[in-house]
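Colleague: Residue numbers (this note's numbering), protein chains in the order written: chain A, 1 to 196; chain B, 1001 to 1196. We treat Cβ as the ideally placed atom computed from N, Cα and C, and that holds for glycine. The structure follows.
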DNA sequence: GTCTATAACGGGATAGAC
DNA sequence: GTCTATCCCGTTATAGAC
């Protein structure tokens, strides 16, 4: 909220979450941010620049949310930490929901816009490591490779469930339930494959 | 190839797979199909109509591929049937790859275009039932609810992996490997939860 | 059913002042 | 850094002939 540049990025995340990347209009974005379209181009050069910086912005914001989730005074056990990290989007915080929707949109856009791929790959790798770390707390005896594979499956599953939920294929509570079960299934798998 | 209408739909699937929904231009589509833009609008009314009918078209085409996969003379065991159904996109058939990419694009579009949701939901439900049927062959003693949940998780995971692979986050062979392991993990889970 | 030609418009991007 | 005003191009969609 301090500088205009940040206000534009916040507005971009909101607008992409509301209209999608295809529905993003520079003018609507500018109005939403309370600035002129010219200023948007001054800060971000062109449409591709807007998308790239917005992806960086929501990545940064998501990191803060997952490191300091709201409403957690008591220490949690590893399984709860994992569930919270993966089911973050079911919190009521608007920014969190925006992040989920915008992330899905920008990831889908990256298929046809190579500019976004690098940022996306870096952010994804960091996220998967984060989840692998939480899994390690829950299953310290599992092999590193199995922990990494479980983290990648849970991440991809979460994204797939988000996409299905947002497109109306899956009901929100059902998506959440399926993800919760998947965590249990993966934890059971890691127990069965503990390192000797 | 027989009628022009079908040629347009085939061209639409190809073009969406190549350029995405956002990159779909009526004129490029018409050229690809070897017809005029006016004819496209004559058959499908408007842009939304093109998208909706293309979604129906690839759904229909995918059904045929999964019911009669190529290169399968010998009977397969249930586990192999499952792997083939879920990893269909790793076949070399161009139409199959087109279907996967276009499906992801159209599902993502459905988040902001309610017109697509009904077709999408129907197709998804049929697909999940198909996978649940294959799982039943492999684990006849598992409960119906657990079989359905596994089918939904594997479907969402496959779509999530596809999205990550297509956006360059995951290498193709790695995506395939993760899906193969997931099948094993779910089968083990269903064994552990067999109906008494 | 299918074409050619074109209307109509949305929206990305910039010039230039302050 | 920020605005107002505007250009101009690409794209959707249609009119009308065959």
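1. Can you say whether residue 1105 (chain B) is buried or exposed, counting buried as having 16 or more other CB atoms within 10 angstroms of its CB?
2. Less than 8 Å between the beta carbons of residue 1089 (chain B) and residue 1100 (chain B), yes or no?
3. So which residues of chain A does residue 1023 (chain B) contact, with C-beta pairs closer than 7 Å?
4. Exposed or buried, what is residue 126 (chain A) when buried is set at 16 or more other beta-carbons lying within 10 Å of its beta-carbon?
5. What's the call for residue 1020 (chain B), buried or exposed, on a 16-neighbour Cβ count within 10 Å?
6. Under 8 Å by Cβ, that's how I've got residue 1150 (chain B) and residue 1135 (chain B) pegged, so tell me the actual separation to the nearest angstrom.
7. Taking the alpha helix (DSSP H) that residue 177 (chain A) falls in, what are its first and last residues?
8. So, are the CB atoms of residue 5 (chain A) and residue 43 (chain A) less than 8 Å apart?
9. Measuring straight from C-alpha to C-alpha, what distance separates residue 1045 (chain B) and residue 1009 (chain B)?
10. Straight-line CA distance for residue 1129 (chain B) to residue 53 (chain A)?
11. Using a cut-off of 7 Å between C-beta atoms, extract the partners of residue 1107 (chain B) located in chain A.
12. Please list the partners that residue 181 (chain A) has in chain B, where partner means a Cβ-to-Cβ separation under 7 Å.
13. Ignoring anything shorter than 3 residues, give me the beta strand (DSSP E) runs that lie fully in the stretch 105-162 of chain A, in order along the chain.
14. Is the Cβ-Cβ distance between residue 1086 (chain B) and residue 1158 (chain B) less than 8 Å?
15. Using three-state DSSP, classify residue 1019 (chain B) as helix, strand or coil.
16. Round the Cβ separation of residue 139 (chain A) and residue 178 (chain A) to the nearest angstrom and send it over; I've been treating them as touching at under 8 Å.
17. Judging by CA-CA distance, which residue of A:190, A:108, A:110 and A:185 is the nearest neighbour of residue 145 (chain A)?
18. Would you mind telling me which residues of chain B sit closer than 9 Å to residue 34 (chain A), beta carbon to beta carbon, in chain order?
19. If we ignore side chains and look at the alpha-carbon of each, how far apart do residue 27 (chain A) and residue 147 (chain A) end up?
20. According to DSSP, is residue 1075 (chain B) helix, strand or coil?
21. Can you tell me whether residue 161 (chain A) is buried or exposed, with buried defined as 16 or more other CB within 10 angstroms of its CB?
Modeller: Short version:
1. What you label residue 1105 (chain B) is simply residue 105 of the second chain in a count that begins at 1. Answer is buried; the Cβ neighbour count reaches 16.
2. Position 89 of the second chain, counted from the start, is the residue given in the question as residue 1089 (chain B). Position 100 of the second chain, counted from the start, is the residue given in the question as residue 1100 (chain B). Yes, they are a contact pair.
3. In the second chain, counting from the first residue as 1, residue 1023 (chain B) sits at position 23. Here the neighbours are 112.
4. Translated into the one-based positions of the first chain, residue 126 (chain A) becomes position 126. By the neighbour-count rule (16 or more Cβ atoms within 10 Å), residue 126 (chain A) is not buried but exposed.
5. Here residue 1020 (chain B) refers to the residue found at position 20 of the second chain. So residue 1020 (chain B) counts as buried.
6. As a working mapping, residue 1150 (chain B) is identified with position 150 in the second chain. As a working mapping, residue 1135 (chain B) is identified with position 135 in the second chain. The distance from the Cβ of residue 1150 (chain B) to that of residue 1135 (chain B) is about 6 Å, consistent with a contact at the 8 Å cut-off.
7. On the first chain, position 177 is the one that residue 177 (chain A) refers to. Start and end: 172-192.
8. On the first chain, position 5 is the one that residue 5 (chain A) refers to. On the first chain, position 43 is the one that residue 43 (chain A) refers to. In this structure, residue 43 (chain A) lies closer than 8 Å to residue 5 (chain A) by Cβ.
9. Taking the second chain and counting its residues from 1, one reaches residue 1045 (chain B) at position 45. Taking the second chain and counting its residues from 1, one reaches residue 1009 (chain B) at position 9. Approximately 13 Å, taken between the alpha carbons.
10. The count along the second chain starts at 1 and reaches residue 1129 (chain B) at position 129. The count along the first chain starts at 1 and reaches residue 53 (chain A) at position 53. Near 41 Å, if we compare the C-alpha coordinates of residue 53 (chain A) and residue 1129 (chain B).
11. Reading the second chain from its first residue, position 107 is the one you call residue 1107 (chain B). Those within 7 Å of residue 1107 (chain B) in chain A are 163 and 167.
12. The residue you call residue 181 (chain A) lines up with position 181 of the first chain. The contacting residues are 1149.
13. Inside the stretch 105-162 of chain A, DSSP marks no whole beta strand (DSSP E) run of 3 or more residues.
14. Locating residue 1086 (chain B) in the second chain gives position 86, counting from the first residue. Locating residue 1158 (chain B) in the second chain gives position 158, counting from the first residue. Taking 8 Å as the Cβ cut-off, residue 1086 (chain B) and residue 1158 (chain B) qualify as a contacting pair.
15. By 1-based counting over the second chain, the position of residue 1019 (chain B) is 19. Residue 1019 (chain B) falls in the helix class under three-state DSSP.
16. Within the first chain, numbered from 1, the residue matching residue 139 (chain A) stands at position 139. Within the first chain, numbered from 1, the residue matching residue 178 (chain A) stands at position 178. Rounded, the Cβ-Cβ distance is 21 Å, inconsistent with contact.
17. As a working mapping, residue 145 (chain A) is identified with position 145 in the first chain. When each option's Cα is compared against that of residue 145 (chain A), the closest is A:190.
18. For the purposes of this step, residue 34 (chain A) is taken as residue 34 along the first chain, with counting starting at 1. Simply none; closest approach about 24 Å.
19. Here residue 27 (chain A) refers to the residue found at position 27 of the first chain. Here residue 147 (chain A) refers to the residue found at position 147 of the first chain. So the alpha carbons of these two residues sit roughly 45 Å apart.
20. Translated into positions along the second chain, residue 1075 (chain B) becomes position 75. Residue 1075 (chain B) falls in the coil class under three-state DSSP.
21. Looking up residue 161 (chain A) in the first chain gives position 161. Residue 161 (chain A) comes out buried.
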